[in-house]
Amino acid sequence: MNETVWLLKTVQQQEHYSSSTSWNTFYIESSTLSNFNQKENKFLNKFIEEYNPSSDNFHVLDIAMGQGRNSIWLAQKGYKVTGFDSSIQGIQIAKNQAKKLNLTTLQTYVTTIEEFHFGFEQWDLIVCMYFPIMNETSYLRRIEQSLKYKGLLIVEVFHWDSLSDEYIIPIDVTYRTNDIPLLFSNLTILIYEEPIDYSDFGNKLTKIIRYVGQKQYSHIYS
1 MNETVWLLKT
11 VQQQEHYSSS
21 TSWNTFYIES
31 STLSNFNQKE
41 NKFLNKFIEE
51 YNPSSDNFHV
61 LDIAMGQGRN
71 SIWLAQKGYK
81 VTGFDSSIQG
91 IQIAKNQAKK
101 LNLTTLQTYV
111 TTIEEFHFGF
121 EQWDLIVCMY
131 FPIMNETSYL
141 RRIEQSLKYK
151 GLLIVEVFHW
161 DSLSDEYIIP
171 IDVTYRTNDI
181 PLLFSNLTIL
191 IYEEPIDYSD
201 FGNKLTKIIR
211 YVGQKQYSHI
221 YS
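Sequence positions in the sequence shown follow my numbering and run 1 to 222.
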């Protein structure tokens with residue numbers, strides 16, 4: 001069992017996957033983990049490079065940003081990025097890196113998804129990578145409502161079939177085929193795929209889900 005998997009197993013065994021206490025330990029060790037992708041997510045990179053949104057007044061929210069690997073990359077491209085995470089250690093790593101790079105377009109918050117104020121029609125892009133968004137439907141409506149008209153949601157999670165792979169542990173971020181589009185049924189599917197690829201956690205090929213949805217309404221009524 002590699003060190004990344006061992007830490008993920010510890011996170012899940014000790015507390016809920018999104019618990020800040022265990023993730024603090026993970027991010028303290030993350031700089032030495034060879035099997036944790038410390039660069040921006042590959043799917044996010046490809047989508048942004050192809051979509052190529054203008055950086056002028058383009059607002060991004062990074063849900064559960066961790067140590068900021070995606071937020072930092074997006075801020076370097078000139079986007080106005082807000083990220084939050086319940087892990088103090090993760091946020092501190094992100095803040096230190098942003099300071100080192102002289103980034104002024106990144107705002108970070110130590111908070112939970114329950115406490116974060118998403119706002120209304122505020123975000124051009126919401127990034128949600130390997131976070132257990134399925135637990136409460138109220139989160140889903142808040143995410144949808146906070147997207148601007150034509151705003152985008154990008155998600156990557158493990159596919160349910162990945163549970164057969166010994167090294168993958170966190171069932172909270174494991175979804176069945178079409179779970180994500182059904183959860184965000186008010187959004188129009190732009191991309192939905194289930195590739196066999198390297199996930200951000202672990203260094204083996206496994207089945208993952210990649211999704212991009214777009215809000216094509218000026219208002220969403222719940």
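C-beta: ideal position from N, C-alpha, C; glycine also. Please read all numbers here as calculations on a predicted model, not as lab measurements.
- Around the Cβ of Leu147, a 10 Å sphere holds 16 or more other Cβ atoms; the residue is buried.
- Note that the C-beta distance between Thr105 and Ala75 is below 8 Å.
- In this structure, the alpha-carbon of Ser199 lies about 25 Å from that of Pro53.
- In the DSSP assignment, Glu156 falls within the beta strand (DSSP E) that extends over Leu147 to His159.
- Secondary structure of Phe201 (DSSP, three-state): strand.
- Scanning Leu205, Phe201 and Leu183 for the CA closest to the CA of Gly213 turns up Leu183.
- Nearest C-alpha to Met134 among Glu50, Leu103, Trp73 and Val173: Val173.
- Sequence-distant Cβ neighbours of Lys95 in its own chain, meaning closer than 7 Å and more than five residues away, are Thr108.
- Under a 10 Å Cβ-count criterion, Thr137 is classified as exposed, with fewer than 16 other Cβ atoms of the shown protein chains found around its own Cβ.
- With a contact defined as Cβ atoms closer than 8 Å, His159 and Glu194 qualify at about 6 Å.
- Residue environment analysis places Ile143 among the buried positions, since at least 16 neighbouring C-beta atoms fall within 10 angstroms of its C-beta.
- Each of Phe84, Pro181, Asp161 and Phe131 was checked against the Cα of Lys215, and the nearest Cα belongs to Pro181.
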